[in-house]
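Below: the structure, in structure tokens.
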Amino acid sequence: MKMKPHLKTPVVLSLATVWFGTLAGAGIASPTVTRLTPPSELFATGNSAPVIARFLPGQRFDLQATVRPDSGKTISEFQFYVDDVPVKSPAGAAGASLVTSGLVAGLPAGTAVVSLRAFSTRRPGVHTLKVKAVQSDRQVVTAVGNFEVVVVDDRGCDRDRFGAKGGFAKNVILFLGDGMGAAHRTAARIMAKGYAQGKAKGRLAMDTFPFTGMVMTASLNSIITDSSPGMSNYVNGNKAANNQEGVFPDDTQDPFDNPRIEYLAEYLHRTQGKSLGIVTTADVFDATPAANAVHTSNRGNGTGIVDQFLDDRDLTGLTVLMGGGRKWFLPNASNSINPQPMTGSQRRSVNDYVLPDDIVKAWGAAKGKLDPERNLISDFQSEGFFYAPDNTALSSAGSARKLLGLFAFSNMNVAMDKINGRRGVSTVVQDYGFPDQPMLDEMTSAALKVLEKNPEGFVVTIEGASIDKQSHLMDSDRWMLETLEFDRAIQVAKDFAATHPGTLILVTADHECSGAAIIGASRLTQAALAAKAGQPQTELRDKVVGTYEAAGFPRYEIQADGYPSSTNPDYKMLIGYGANADRYETWVSQPLPTQDSQQPFVGTYPLNSYPANPSVRNSGIGFLVTGQVPGDQAVHTASDIPLSAYGTGASLFTGVMDNTDVFFKLVQAMGDDARGYFRR
Amino acid sequence: MPVGPLGLEPSEKLLGMKGRRVRMVGYLVHQEEPVAGLSYLTPYPVALGHEDESLADDLPPSTVFLHLSVGEMASSPRVLHSAGLIRLTGQLAVGPQLESDGRISSVRLLLDPESTTSLLGTERPSP
Chain F
1 MKMKPHLKTP VVLSLATVWF GTLAGAGIAS PTVTRLTPPS ELFATGNSAP VIARFLPGQR
61 FDLQATVRPD SGKTISEFQF YVDDVPVKSP AGAAGASLVT SGLVAGLPAG TAVVSLRAFS
121 TRRPGVHTLK VKAVQSDRQV VTAVGNFEVV VVDDRGCDRD RFGAKGGFAK NVILFLGDGM
181 GAAHRTAARI MAKGYAQGKA KGRLAMDTFP FTGMVMTASL NSIITDSSPG MSNYVNGNKA
241 ANNQEGVFPD DTQDPFDNPR IEYLAEYLHR TQGKSLGIVT TADVFDATPA ANAVHTSNRG
301 NGTGIVDQFL DDRDLTGLTV LMGGGRKWFL PNASNSINPQ PMTGSQRRSV NDYVLPDDIV
361 KAWGAAKGKL DPERNLISDF QSEGFFYAPD NTALSSAGSA RKLLGLFAFS NMNVAMDKIN
421 GRRGVSTVVQ DYGFPDQPML DEMTSAALKV LEKNPEGFVV TIEGASIDKQ SHLMDSDRWM
481 LETLEFDRAI QVAKDFAATH PGTLILVTAD HECSGAAIIG ASRLTQAALA AKAGQPQTEL
541 RDKVVGTYEA AGFPRYEIQA DGYPSSTNPD YKMLIGYGAN ADRYETWVSQ PLPTQDSQQP
601 FVGTYPLNSY PANPSVRNSG IGFLVTGQVP GDQAVHTASD IPLSAYGTGA SLFTGVMDNT
661 DVFFKLVQAM GDDARGYFRR
Chain Z
1 MPVGPLGLEP SEKLLGMKGR RVRMVGYLVH QEEPVAGLSY LTPYPVALGH EDESLADDLP
61 PSTVFLHLSV GEMASSPRVL HSAGLIRLTG QLAVGPQLES DGRISSVRLL LDPESTTSLL
121 GTERPSP
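Protein sequence lines, in the order shown, are assigned to chains F and Z. Here the first sequence is numbered in my numbering, starting from 1 and rising by one per residue. Here the second sequence is numbered in my numbering, starting from 1 and rising by one per residue.
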């Protein structure tokens, strides 16, 4: 029976369900197992391949099942078996639970979610996973699935460089260009380096990495992923459902109690004492940064996510956390305080966390508390973190051993607006309230200065977050500058690797966004193009877009700060979108991050100018490009992602690979083996 | 709205205008998925809300939450986007408050009926 997942948290019926025992009556009812975790094709369809869930030797993960009893009955006992051997949580009975309340709607009364937390095994190969549940009338149900423990051998050993004993990566720098596909990289190169007679006049830093692979990015429940599984798949070796990070789906309402998979950072901190760094230009609670350290089925639970960054630092080794998101770290005083202080806090109990005891006992995780009044900045500082609210403070963080940087209330401003602010030609960052935001390369440099202090090494994820955000908005020039900012940070890491042997750098993306494509170049000068604003498609498209040889080689003048002096040069590069929403295209950069036509001051709302089309950007001055998708923003695509690798162990990252394969290759590069010890 | 290392630093002028009837000029935030009865005014154009964004948004700290006047709130219409600068009048409210979109506002404008009507127009189709 083939089941097509159609729910956000797929629930499937097991073909392998078996019942035996006495029938209570003439009916053929029996309890059923409707979910078995980790997920497997064996459970879902009866096919033993492909194996969905894979783990390192000793990597921790939760076992869980949802069991539906017969009407009027309850589930009284359960046991998990691996290869027919009963297994226990490392916390014993305290690490197991049978939960019948707080479940999702629509389940029959008495349904039980049974869990065994923080299981692990070192034996390599494919293993059968079985759950046996006993109903109150002693009827028994079992279900079978499978998972694999991946052997990590010593092929990560860079023998050519380090001799017979080999060398392994001590530090991993993972650059995640959110939404960055091949076209984004190519466009950034054209802008930054230019071409001459078909030859690129220079290379982006990421272009110079000697090893290249292609990454398949599907999530657990779709060919089109989002940033939650897009990140966590890389760093725990397993698929996650969209909107979920570091967990498998379950049937409870609590977003923080889902079955966990140990993250790379947690595994390495536990086994090697490595540190974790998270650097992003987004709000730090956002999916990509969070999916390196926090386990949740709801990427939107900001308060609980940021709290766990600090509360579980002993599990993850978190040492550096930088980005936007200050709004989650500010106290939100209780209503009993009058007058209410106005901090701008977005902390709320409804998205905070309190973990069930089985996770606390088995994983050693913090219990948590519903505490919107918490002053998280102060708590970070109490734990020895240097707090930098702006670039000036960041510049003075040199001797810090732990670093917290919160440079905006939510997302940081995009590179174009930060650079224009520094050049004095824009006031967006001032209007935003954060005039002194660092660039990503400055953040990277500061992070590495702190992380290198750990003699055991570190893993850091550095995200260029707004490549994706500006691609959603189909703002071509802004995502190109985001990609340039991202590449400048990559150069900082490459320079670091040159002086820190045993460093591995990967550049990749969680998914492609918008179906961006370089379609050609403008046939017109900037002035002539600007003069066409408001003209119909026959003018603004047909007489502007130069395709094939008419595109030539667009030239952008790059200033000393590394960014173009203008994104509107004569004969500029033109971008089309395969996953676009409706938009009005002018081809001209707008001075503000969201391109809204700036009409003169109006006394009342102009009803007759209300657009017939949902997208209003450039309406009246651009020509309509009808979208492939509904709504106002472009969407993610399923295109494979180019991956670039540099440094120790980089040669492992070639060929077409799944994003979950990257996790195992990373650990392989670091030298783990089935016996669980690391060669230094 | 000045922002310091430890959060908002509202000016004495803003705090002194609490509860008073004011006139404000700004841009209506473009919402991908409008929330009934609620909109936002910002000093420059902002687009808000796609499924990949969640609460990691681009709203500046100075965002003013717009509440439609009571009668209109009862019928929960959605304020749809309009282009360009807009002038609105209403009563200024200052202080943290939980909103229907799940955010906590710091400054709100409780719109006059005239401003509410001008935002809503007549016979708007449902999105």
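Every residue, glycine too, gets a C-beta built ideally from N, C-alpha and C.
Exercise. With DSSP run on the structure shown, which of helix, strand or coil describes H295 of chain F?
Worked result: coil
Exercise. Just how far apart, CA to CA, sit V35 of chain Z and D101 of chain Z?
Worked result: 6 Å
For this session: Starting from the Cα of A516 of chain F, find the closest Cα among F:L448, F:A550 and F:Q628 and give me that residue.
Result: F:Q628
Exercise. Is D178 of chain F near I467 of chain F, with beta carbons less than 8 Å apart?
Worked result: yes
Problem set entry | Q64 of chain F, enclosing beta strand (DSSP E) - first and last residue | F61 to R68
Exercise. Taking a cut of 9 Å between CB atoms, which residues from the stretch 339 to 364 of chain F lie near chain Z?
Worked result: P339, Q340, P341, M342, T343, G344, S345, Q346, R347, R348, V350 and N351
Exercise. Can you tell me whether S476 of chain F is buried or exposed, with buried defined as 16 or more other CB within 10 angstroms of its CB?
Worked result: buried
Problem set entry | Sequence ranges, beta strand (DSSP E) only - wholly within the stretch 359 to 403 of chain F, length at least 3 | 386 to 388
Exercise. So which of F:F409, F:R138, F:E245 and F:Q244 has the shortest CA-CA distance to D283 of chain F?
Worked result: F:F409
For this session: Give the single residue among F:S349, F:N332 and F:V350 whose Cα lies nearest to the Cα of T343 of chain F.
Result: F:N332
Problem set entry | Cβ neighbour criterion (16 or more within 10 Å) applied to R374 of chain F | buried
Exercise. Under the rule that 16 or more other beta-carbon atoms within 10 Å means buried, what is L85 of chain F, buried or exposed?
Worked result: Contrary to the premise, residue 85 of chain F reads as Val rather than Leu in this sequence. Its Cβ having fewer than 16 others within 10 Å, V85 of chain F is exposed.
Problem set entry | Beta-carbon contacts of M214 of chain F that lie in its chain and below 8 Å, excluding the five residues immediately before and after | D640, I641, P642, L643, G655, V656 and M657
For this session: Select from F:G277, F:T567 and F:T34 the residue whose C-alpha is nearest the C-alpha of G405 of chain F.
Result: F:G277
Exercise. Alpha helix (DSSP H) containing S97 of chain F: first to last residue?
Worked result: No alpha helix (DSSP H) contains S97 of chain F, which is instead part of the beta strand (DSSP E) from A96 to V99.
Problem set entry | Limits of the beta strand (DSSP E) - the one that F119 of chain F falls within | A112 to F119
Exercise. Grouping DSSP H, G and I as helix and E and B as strand, with all else coil, what is D441 of chain F?
Worked result: helix
For this session: Hey, could you find the ends of the alpha helix (DSSP H) E482 of chain F is sitting in?
Result: S476 to T499
Exercise. Got a sec? Which residues, its chain only, sit under 8 Å from L355 of chain F by beta carbon, not counting five neighbours each side?
Worked result: F256, D257, A365, A366, K367 and G368
Problem set entry | Same chain, Cβ closer than 8 Å to A579 of chain F, five either side skipped, listed in chain order | C513, S514, G515, Q628, V629, A634, V635, H636 and T637
Exercise. In this structure, does DSSP put D146 of chain F in helix, strand or coil?
Worked result: The sequence given here has Asn at residue 146 of chain F, not Asp. Three-state DSSP puts N146 of chain F in a strand.
For this session: Report, in whole angstroms, the separation of the C-beta atoms of D62 of chain F and L103 of chain F, which I expect to be a contact under 8 Å.
Result: With 8 Å as the limit, D62 of chain F and L103 of chain F do not qualify as a contact, their Cβ atoms being about 17 Å apart.
Problem set entry | I419 of chain F in three-state terms, based on DSSP | helix
Problem set entry | Cβ distance (whole Å) where F664 of chain F is taken to contact V150 of chain F below 8 Å | 5 Å
Problem set entry | Within chain Z, the residues that S410 of chain F reaches when beta carbons sit closer than 8 Å | L55, A56, D57, D58 and L59
For this session: Please confirm if T89 of chain Z has its CB atom under 8 Å from at least one CB of chain F.
Result: no
Problem set entry | Residues sharing a beta bridge with Q97 of chain Z, DSSP | Z:S105
Exercise. Which residues bound the beta strand (DSSP E) around N580 of chain F?
Worked result: No beta strand (DSSP E) contains N580 of chain F, which DSSP labels as neither H nor E.
Problem set entry | Spatial neighbours of A530 of chain F in its chain, beta-carbon cut-off 8 Å, leaving aside the 5 residues before and after | N568 and V588
For this session: Can you tell me which of F:S565, F:K543, F:Q559 and F:S471 puts its alpha carbon nearest to the alpha carbon of G576 of chain F?
Result: F:S471
Exercise. Rounded to the nearest angstrom, how far is the Cβ of L451 of chain F from that of V460 of chain F, given a contact under 8 Å?
Worked result: 6 Å
For this session: Give the residues of chain B in contact with Y40 of chain Z, contact being defined as C-beta atoms less than 7 Å apart.
Result: Absent from the structure: chain B. Protein chains present are F and Z.
Exercise. Out of F:H127, F:T648 and F:K469, which has the shortest C-alpha to C-alpha gap to T499 of chain F?
Worked result: F:T648
Exercise. Can you check whether the CB of I75 of chain F is closer than 8 Å to the CB of P108 of chain F?
Worked result: no
For this session: Could you work out which residue in F:A528, F:T525, F:G520 and F:F486 is closest to A509 of chain F when comparing CA atoms only?
Result: F:F486
For this session: Give the interface partners of L36 of chain Z over in chain F, defined as CB-CB distance under 7 Å, in chain order.
Result: According to the sequence as given, residue 36 of chain Z is Ala; it is not Leu. The contacting residues do not exist; A36 of chain Z stays about 17 Å from chain F at best.
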